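Inspection log for the structure reproduced underneath, given as structure tokens.
Residue numbers (our numbering): 68 to 549.
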């Protein structure tokens, strides 16, 4: 079968949706890892696969011409919240102008499958998708869908939702992402890594912590939404790749010409000290610079941090959210504020760049005083990167349910996130003592206080080694402080 992994044009939106995490718009270009996993498993089954990214096709003409050529039997779209409109519009155009079928997967089709099923040639794969998509594609010729777990579809105009497929217990068994499908790989970069191109790696799936506002990477989020639906709203167990399997992917990435990697899962440092030291030892032998995400309380062991540095770790993204202990308790972050400074100092000591993430307004305990205290404290830390955001009640999160029930969420804005979402600029929540305007001012104040410090300006200027680096700094910097 000839199959197209499709990223439609974003011509109906002002910005291009970011699809790896799925809860913001693109600032810099990243390869869409979920499609690459699907492409790899379908190629292993003998199908002919191509990936077509029309996200920068501003008038949609290239996409329309591609569909009119009738070259594909099946289109597969990985859809996140902010891509719902453009992906459905693309699907309607495909069905109106070809005989092809469409499969939607990802967090938003998992959450609301009925919105993606308007024709019997449309299918939704819910949850962790790779194996289910493989089975669904095999069943398409004979239309034997009833035995395939984890899919939703139409039969005689009626919505059918098969039982859940659960989770993939052995993710080592999945093929490596099909990075050879990507075009123009030099476009993929990460401002926290000087090398380019940069690839993405997922070393685990799921997260065991309780943060009530969190939307993880899109693979883990779709997986969690599906599991919670069929398991009394409980989170799914975390699944880990073996150190040997991860190291093999790093070797493949380097051999393919990529010069760095960004690890995008929430539980990179999960699985115990022995596992992390084993992984670091293997990565040290590969010699590929990388960065990742971590909780501060998981990087307090100096032996682990030293091993990460030797392995090539250049930065660590830290989900701090607030430096007020009462707020952290209320949002179920389960983090001791005292450990934040310890973690940052330890990373700094071993030459790993800490990047902080601060989020205002996730709790009604937030005040002007807690905001100012957090800004002042985080600005005093030995870090050069911090992302300041306003908490957004994303659909499917407990924060969303609570914000709507208690009137914190601003309506009707919260019901049209594709139009209104901009967590670095626009608040979609408000408290009686903390209106939306104050939350928006807080982000601007924090960015200017943090990034216009002379030491941080000098740090960024020292990193410029090419015209491309200068351009990236200007674009990213303007987005942050405007």
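C-beta: ideal position from N, C-alpha, C; glycine also. Every value quoted in this text rests on a predicted model; they were computed, and no experiment measured them.
Buried or exposed (CB count within 10 angstroms, at least 16 for buried), residue i
i	result
residue 499	exposed
residue 173	buried
residue 526	exposed
residue 97	buried
residue 70	buried
residue 341	exposed
residue 60	Nothing in the structure corresponds to residue 60, since the chain is present only between 68 and 549.
residue 151	buried
residue 180	buried
residue 240	exposed
residue 146	buried
residue 405	exposed
residue 316	buried
residue 122	buried
residue 359	buried
residue 402	buried
residue 149	buried
residue 138	exposed
As assigned by DSSP and simplified to three states, the class of residue i
i	result
residue 355	coil
residue 520	coil
residue 301	coil
residue 439	helix
residue 282	coil
residue 498	strand
residue 488	coil
residue 421	strand
residue 272	strand
residue 325	coil
residue 19	The displayed coordinates of the chain run from 68 to 549. Any statement about residue 19 would go beyond what the structure contains.
residue 469	helix
residue 308	coil
residue 174	helix
residue 382	strand
residue 162	helix
residue 95	coil
residue 134	helix
residue 342	helix
residue 510	helix
residue 263	coil
residue 388	strand
residue 336	coil
residue 168	strand
residue 552	Residue 552 cannot be examined here, being either before or after the span of the chain that is shown, 68 to 549.
residue 361	strand
Run of the alpha helix (DSSP H) containing residue i, from where it starts to where it stops
i	result
residue 295	285-297
residue 119	From DSSP, residue 119 is part of no alpha helix (DSSP H) but of the beta strand (DSSP E) over 115-120.
residue 397	392-397
residue 447	Unbroken run through residue 447: none, as it is neither H nor E.
residue 429	No alpha helix (DSSP H) contains residue 429, which DSSP labels as neither H nor E.
residue 579	As displayed, the chain neither begins before 68 nor continues past 549, which places residue 579 out of reach and without an answer.
residue 406	404-416
Residue j beta carbon less than 9 Å from that of residue i
i	j	result
residue 91	residue 488	yes
residue 39	residue 110	This structure cannot settle anything about residue 39, because the visible part of the chain is limited to 68 through 549.
residue 494	residue 437	no
residue 219	residue 184	yes
residue 115	residue 195	no
residue 412	residue 501	no
residue 336	residue 355	no
residue 327	residue 264	yes
residue 212	residue 203	yes
residue 227	residue 303	no
residue 451	residue 516	no
residue 144	residue 132	no
residue 476	residue 460	yes
residue 100	residue 353	no
residue 170	residue 190	yes
residue 375	residue 343	yes
residue 142	residue 73	yes
residue 107	residue 208	no
residue 269	residue 118	no
residue 290	residue 308	no
residue 424	residue 471	no
residue 394	residue 432	yes
For residue i, the first and last residue of its enclosing beta strand (DSSP E)
i	result
residue 144	141-145
residue 332	Neither: residue 332 is in no beta strand (DSSP E) and is coded neither H nor E.
residue 455	452-457
residue 50	Limits of the chain in this structure are 68 at one end and 549 at the other, which puts residue 50 out of reach.
Heavy atom of the ligand NAP within 8 Å of residue i beta-carbon
i	result
residue 405	You won't find the ligand NAP in this model; it holds no ligand whatsoever.
Those runs of the beta strand (DSSP E) which lie wholly inside the region 209-245 and span at least 3 residues: Inside the region 209-245, DSSP marks whole beta strand (DSSP E) runs of 3 or more residues at positions 218-222, 225-228, from first to last along the chain.
What residue ranges within the region 178-209 form continuous beta strand (DSSP E) runs of no fewer than 3 residues, ordered along the chain? 189-192
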